[in-house]
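J.: Residue numbers (numbering that gives the first Met the number 0): 0 to 128.
Don't be surprised by glycine CBs; every beta carbon is placed ideally from N, CA and C.
Every value quoted in this text rests on a predicted model; they were computed, and no experiment measured them.
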Amino acid sequence: MTTVDRTAQTPRTARTQSTDRDNESERAAAAPSARTPDPAEATGARTADAVEVITGARERIDALDDRIIGLIQERAAVSAVIQQARIGSGGRRVNLSREMEVLDHYRGALGRPGTSLAMTLLELCRGRI
């Protein structure tokens, strides 16, 4: 039967754990610079003026995206009210002629890609009941 001297292993294990913690700390300290790209690199711009324009425009796009998402959520809630009323009165969950009107509206306003956008909106807003 082999006996293991645990006291002999403990100092090495503690030293190894300490070294591992030190390495993790060093990696964590180095990581923020690795995660923060150069503004010119992040935007693809070659001048400071272009970086400034792109950064500002991207911030505006992000704000617009947040508003669009909010509007889509609001549209889905209104659609749910319509569906509840329709189903409650004995009607169908979906009104295909109304969906065709929505598709035509988006296609007229945005061209062919508008149809795809409208289809996605209809999918997001239908059938939650």
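Is the Cβ of E122 closer than 9 Å to any Cβ of chain B?
T.: Given the protein chain composition of this structure (a single chain), no chain B is represented.
J.: Do R66 and R92 have their beta-carbon atoms positioned less than 9 Å apart in this structure?
T.: Start at 1 with the first residue of the sequence shown, and residue 92 comes out as number 93. Start at 1 with the first residue of the sequence shown, and residue 66 comes out as number 67. Not a contact, by the Cβ cut-off of 9 Å.
J.: What is the rounded straight-line gap between the Cα of I53 and the Cα of P38?
T.: Here the question's residue 53 lines up with position 54 in the sequence shown. Here the question's residue 38 lines up with position 39 in the sequence shown. Straight through space, the alpha carbons of P38 and I53 are spaced by roughly 10 Å.
J.: Assuming A117 and L102 form a contact by the criterion Cβ under 8 Å, report the distance between their Cβ atoms to the nearest whole angstrom.
T.: Numbered from 1 along the sequence shown, position 118 holds the residue referred to as residue 117. Numbered from 1 along the sequence shown, position 103 holds the residue referred to as residue 102. Contact flag correct, Cβ pair sits at about 5 Å.
J.: Taking only the alpha-carbon atoms, compute the straight-line gap between I71 and G110 and give it to the nearest angstrom.
T.: Translated into positions along the sequence shown, residue 71 becomes position 72. Translated into positions along the sequence shown, residue 110 becomes position 111. So the two alpha carbons sit approximately 20 Å from each other.
J.: What residue from V77, A47, G107 has the CA that sits closest to L123's CA?
T.: Reading the sequence shown from its first residue, position 124 is the one you call residue 123. Comparing Cα-Cα distances from L123 to each of V77, A47, G107, the minimum goes to V77.
J.: Output the boundary residues of the alpha helix (DSSP H) element that contains P112.
T.: As a position in the sequence shown, residue 112 is number 113, starting the count at 1. First-last of the alpha helix (DSSP H) with P112: 111-124.
J.: Compute the Euclidean distance between the alpha carbons of L74 and G55, then round it to the nearest angstrom.
T.: Here residue 74 refers to the residue found at position 75 of the sequence shown. Here residue 55 refers to the residue found at position 56 of the sequence shown. First, the amino acid is wrong: residue 74 is Arg here, not Leu. If you take the alpha carbons of R74 and G55, they lie about 29 Å apart.
J.: Would you identify the three-state DSSP class for G87, choosing helix, strand or coil?
T.: To locate residue 87, count along the sequence shown from 1; it is residue 88. Looking at G87 - three-state DSSP - the assignment turns out to be helix.
J.: For Q82, does the count of other Cβ atoms within 10 angstroms reach 16, so buried, or fall short, so exposed?
T.: Locating residue 82 in the sequence shown gives position 83, where the first residue counts as 1. Sixteen is the threshold: when 16 or more other Cβ atoms of the shown chains lie within 10 Å of the Cβ of Q82, as they do, the residue is buried.
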